[in-house]
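Undergrad: Going down the list, the protein sequences come from chains A and B. With the working numbering, letter number 132 in the first sequence gets 233, and the count goes up by one each step, no holes. With the working numbering, letter number 71 in the second sequence gets 608, and the count goes up by one each step, no holes.
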Amino acid sequence: MTSDDHLLLARAAAGDAAALEALMTRYSGRVFRLAYGITRNQADAEEIVQDVFLQLTLKGGGFEGRAAVGSWIYRVTANAALNKRRGKWRELETSLDDVLPTFKADGHRDGARAFLVADWSRRPDEELLSGEARRTLDAALERLPEHYRAVLVLRDVEELSNEEVAEIVGDTVPAVKTRLHRARMALREILTRRLGPGA
Amino acid sequence: MTLTCRDVIGILDDYVDGGLAGEELAALERHLDGCEPCRAYLATYRRTRVLGARAGRVEMPEEMRARLRAFLRERLG
């Protein structure tokens, strides 16, 4: 936490609108991205953003010495989003086993060769991030369990390290790496089924 | 060291994130040289990572920001 953050928090807690605005400018985007990335629901994300900012400003200057506002915010947001998701739409979050690669006994990939060599990676962003491809990507993200989405957002969107993510979600580095890899593989598989041969 | 497709896909995250070195890295690259399915897998895995990141860079709607501002002003007096 920087002394600048300390000052802003103390002033915001005392009702200084400019300090509050500065804090919002600095942190609200990342809180929203993470909250929405985990819940995939705007109304839930908005509630979380309000709650996290209320906690932040009420905490004011009460941060312990070296505690960083940035990592505190990620931790509180991730916890709130994961708690909100608990019990919701579970039926949509089925096992990922059928969207992970399968292998033959000798270690080669299993499946039709045309599918295995399908490479849609050179298609332009405009095609992959709009229309049917974008809907497929969004549906694939929604299919991931929330703990996987949390790791995916923190690593690939917020670009934090495995160690930072492990601290935020309260898990081990190997567990974070496993979830991240499985999440990426599941998204890749779902996209390939939509964009590959015969699609 | 010789790697199978299963081995390669199992460590692809480390490869893409720059976490492989030495003989393991060399063995993976040797496998990729001779395996078209794994080259396609790697290319689409990398692209998926970028697409996931771009899709996740959502902006907080301006009206939501305005409601947050009003909410905090009310609660903080």
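For every residue, glycine included, the Cβ atom is placed at its ideal position computed from N, Cα and C.
Indicate whether the contact test is met: 3 or more Cβ pairs, each with one atom in the region 577–596 of chain B and one in the region 120–139 of chain A, closer than 8 Å.
TA: Yes: the two stretches touch, three or more of their Cβ pairs being nearer than 8 Å.
Undergrad: Do arginine 244 of chain A and leucine 281 of chain A have their C-beta atoms closer together than 8 Å?
TA: Within the first sequence, residue 244 of chain A is the residue found at index 143, counting from 1. Within the first sequence, residue 281 of chain A is the residue found at index 180, counting from 1. It is not a contact, given that the beta carbons lie outside the stated cut-off.
Undergrad: Which of the three DSSP states, helix, strand or coil, is assigned to arginine 285 of chain A?
TA: Indexing the first sequence from 1 puts residue 285 of chain A at position 184. Three-state result, arginine 285 of chain A: helix.
Undergrad: Determine the contact status of tryptophan 286 of chain A and proline 225 of chain A, defining contact as a CB-CB distance below 8 Å.
TA: By one-based count along the first sequence, residue 286 of chain A stands at place 185. By one-based count along the first sequence, residue 225 of chain A stands at place 124. First, the residue type needs correcting, since residue 286 of chain A is methionine and not tryptophan in the sequence shown. No, the pair does not count as a contact, with Cβ atoms beyond the cut-off.
Undergrad: Kindly identify the DSSP beta-bridge partner or partners of phenylalanine 204 of chain A.
TA: Taking the first residue of the first sequence as position 1, residue 204 of chain A is located at position 103. Beta-bridge pairing links phenylalanine 204 of chain A to A:Arg210.
Undergrad: Near tyrosine 175 of chain A, which residues of its chain fall below 6 Å by C-beta distance, leaving aside the five closest residues on each side in sequence?
TA: For the purposes of this step, residue 175 of chain A is taken as the residue at position 74 of the first sequence. Around tyrosine 175 of chain A: Ile269.
Undergrad: Among the candidates A:Phe154, A:Ile149, A:Glu148 and A:Asp145, whose CA atom is the shortest distance from the CA of alanine 123 of chain A?
TA: Looking up residue 123 of chain A in the first sequence gives position 22. Considering only alpha carbons, the answer is A:Phe154.
Undergrad: Quick one: what does DSSP say aspartate 554 of chain B is sitting in, helix, strand or coil?
TA: Translated into the one-based positions of the second sequence, residue 554 of chain B becomes position 17. Coil at aspartate 554 of chain B, not helix or strand.
Undergrad: Are the region 567–581 of chain B and the region 231–250 of chain A in contact at 8 Å, needing three or more beta carbon pairs?
TA: These segments do not touch.
Undergrad: Can you check which of these residues, A:Arg295, A:Val258 and A:Val252, is closest to valine 274 of chain A by C-alpha distance?
TA: In the first sequence, the residue the question calls residue 274 of chain A occupies position 173. Among A:Arg295, A:Val258 and A:Val252, the Cα nearest to that of valine 274 of chain A is on A:Val252.
Undergrad: Since arginine 567 of chain B is in the alpha helix (DSSP H), which residue starts that stretch and which ends it?
TA: To locate residue 567 of chain B, count along the second sequence from 1; it is residue 30. Counting along the chain, the alpha helix (DSSP H) containing arginine 567 of chain B begins and ends at 559–571.
Undergrad: For leucine 193 of chain A, which residues from the same chain have a beta carbon less than 8 Å from its beta carbon, with the 5 sequence-adjacent residues on both sides left out?
TA: The residue you call residue 193 of chain A lines up with position 92 of the first sequence. Reliability fails at leucine 193 of chain A, whose pLDDT of 48 lies under 50, so the model's placement of it is uncertain and the value that follows must be treated cautiously. Result list for leucine 193 of chain A: Glu243 and Arg244, in chain order.
Undergrad: Under 9 Å Cβ-Cβ, which residues of chain B neighbour glutamine 156 of chain A?
TA: The residue you call residue 156 of chain A lines up with position 55 of the first sequence. In chain order: nothing, as chain B lies at least about 11 Å away.
Undergrad: Look up glycine 297 of chain A in the DSSP assignment and say whether it is helix, strand or coil.
TA: Residue 297 of chain A sits at position 196 when you count from the first residue of the first sequence. Looking at glycine 297 of chain A - three-state DSSP - the assignment turns out to be coil, as it is neither helix nor strand.
Undergrad: Along the chain, where does the alpha helix (DSSP H) containing threonine 98 of chain A start, and where does it finish?
TA: The question about residue 98 of chain A has no answer, for chain A in this structure spans 102 to 300.
Undergrad: What residue range is occupied by the uninterrupted alpha helix (DSSP H) comprising glycine 138 of chain A?
TA: Sequence index remark: in the first sequence, residue 138 of chain A carries index 37 (1-based). Counting along the chain, the alpha helix (DSSP H) containing glycine 138 of chain A begins and ends at 118–140.
Undergrad: Please list, in chain order, all residues of the same chain as glycine 138 of chain A whose beta carbon is under 7 Å from its beta carbon, the five residues on each side excluded.
TA: Counted from its first residue, the first sequence places residue 138 of chain A at position 37. Within the same chain, glycine 138 of chain A has close Cβ partners Arg250, Val254 and Val258.
Undergrad: I want to see whether chain B comes within less than 8 Å of glutamate 192 of chain A, judged by CB atoms only; does it?
TA: Walking along the first sequence from the start, residue 192 of chain A turns up at place 91. Any reading at glutamate 192 of chain A must be qualified, since the residue scores a pLDDT of 45, below 50, and its modelled position is unreliable; the value itself is stated next. Answer no: the Cβ-Cβ gap between glutamate 192 of chain A and chain B never drops below 8 Å.
Undergrad: Within its chain, find whatever has a CB closer than 6 Å to the CB of glycine 212 of chain A; leave out the 5 residues flanking it on each side and keep chain order.
TA: Reading the first sequence from its first residue, position 111 is the one you call residue 212 of chain A. None.
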